[in-house]
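Chemist: A single structure is presented below for examination.
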Amino acid sequence: MATKLELSFQAKNLTYLFSSILGEKVYVELNREQIVYGTLVFIDKSQTMVVENATWIKKVNDVDWEEKVYESMVIQGPWIRYIQFDKSIDFDERIKEMEERRKRASLMYSRGKVPKISV
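Counting with UniProt numbering, you get residues 1 to 119 for the letters of the sequence shown.
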């Protein structure tokens with residue numbers, strides 16, 4: 001018998017936020033003075049991410065930078081220092097949208113419920 005996966009409200013928020021930032025342009029600073037710029041197409045809770053049309057820039061010395069372009073690049077979580085989005089994302093607005101969808105879904109599902117009759 002299959003069991004329904006119960007997610008906490010915070011996990012649902014994180015899952016929604018992860019999925020809502022897909023397709024955004026990101027700058028990812030990596031360890032050892034490296035930067036990746038591209039379109040975010042996948043991000044996991046373990047912070048593994050895939051960036052398409054990625055431009056990888058590495059500092060060679062104080063003056064020179066090495067630059068390569070990749071069709072797609074997988075970045076493992078431990079390499080990531082921080083992620084910066086090309087344009088600011090209004091997370092408050094996205095959370096409000098998620099709340100509205102959740103309320104609509106709960107109303108839709110509540111209509112199909114059979115009322116309990118106490119005897």
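Glycine included, every Cβ here is placed at the ideal spot set by N, Cα and C.
Predicted, not measured: the structure shown is a model, and the values here were computed from it.
Whole angstroms is fine: what's the gap from residue 52's alpha carbon to residue 42's?
Modeler: As a first step, residue 52 is located in the sequence shown; it is residue number 52 there, counting from the start. As a first step, residue 42 is located in the sequence shown; it is residue number 42 there, counting from the start. Distance between the alpha carbons of residue 52 and residue 42 is about 9 Å.
Chemist: Under 9 Å, do residue 35 and residue 56 count as touching if we go by C-beta distance?
Modeler: Taking the sequence shown and counting its residues from 1, the one referred to as residue 35 is at position 35. Taking the sequence shown and counting its residues from 1, the one referred to as residue 56 is at position 56. In this structure, residue 56 lies closer than 9 Å to residue 35 by Cβ.
Chemist: Check for me: the beta strand (DSSP E) holding residue 34 runs from which residue to which?
Modeler: Looking up residue 34 in the sequence shown gives position 34. Residues 34-43.
Chemist: Just mark residue 108 as buried or exposed, buried being the case when its beta carbon has 16 or more other beta carbons within 10 Å.
Modeler: Locating residue 108 in the sequence shown gives position 108, counting from the first residue. By the neighbour-count criterion, in which 16 or more other beta carbons inside 10 Å mark a residue as buried, residue 108 falls on the exposed side.
Chemist: Using a Cβ-Cβ cutoff of less than 7 Å, which residues in the same chain neighbour residue 59 once the five nearest sequence positions on both sides are dropped?
Modeler: One-based indexing of the sequence shown puts residue 59 at position 59. 33 and 65, listed in sequence order.
Chemist: Apart from the five residues just before and just after residue 79, which ones in its own chain have a Cβ nearer than 7 Å to its Cβ?
Modeler: Start at 1 with the first residue of the sequence shown, and residue 79 comes out as number 79. If we look at residue 79 and ignore the five residues flanking it on each side, its Cβ neighbours are 30 and 31.
Chemist: Can you tell me whether residue 28 is buried or exposed, with buried defined as 16 or more other CB within 10 angstroms of its CB?
Modeler: Within the sequence shown, the letter at position 28 stands for residue 28. It counts as buried.
Chemist: When we look at the beta-carbon of residue 77 and count the other beta-carbons within 10 Å, is it buried (16 or more) or exposed?
Modeler: In the sequence shown, the residue the question calls residue 77 occupies position 77. Under this definition residue 77 is an exposed residue.
Chemist: Opposite residue 54 in the DSSP bridges: which residues?
Modeler: Residue mapping note: residue 54 aligns to position 54 of the sequence shown, counting from 1. In the DSSP output, where bridge partners are listed per residue, residue 54 has 70.
Chemist: With residue 84 as the anchor, note down where its beta strand (DSSP E) starts and where it stops.
Modeler: One-based indexing of the sequence shown puts residue 84 at position 84. Annotation: the continuous beta strand (DSSP E) that includes residue 84 extends over 80-85.
Chemist: Per DSSP, what kind of secondary structure is residue 30 in: helix, strand or coil?
Modeler: Here residue 30 refers to the residue found at position 30 of the sequence shown. Reduced to three states, the DSSP call for residue 30 is strand.
Chemist: Return the residue from the list 97, 104 and 102 that minimises the CA-CA distance to residue 20.
Modeler: Along the sequence shown, one-based indexing puts residue 20 at 20. It is 97 whose Cα lies nearest to the Cα of residue 20.
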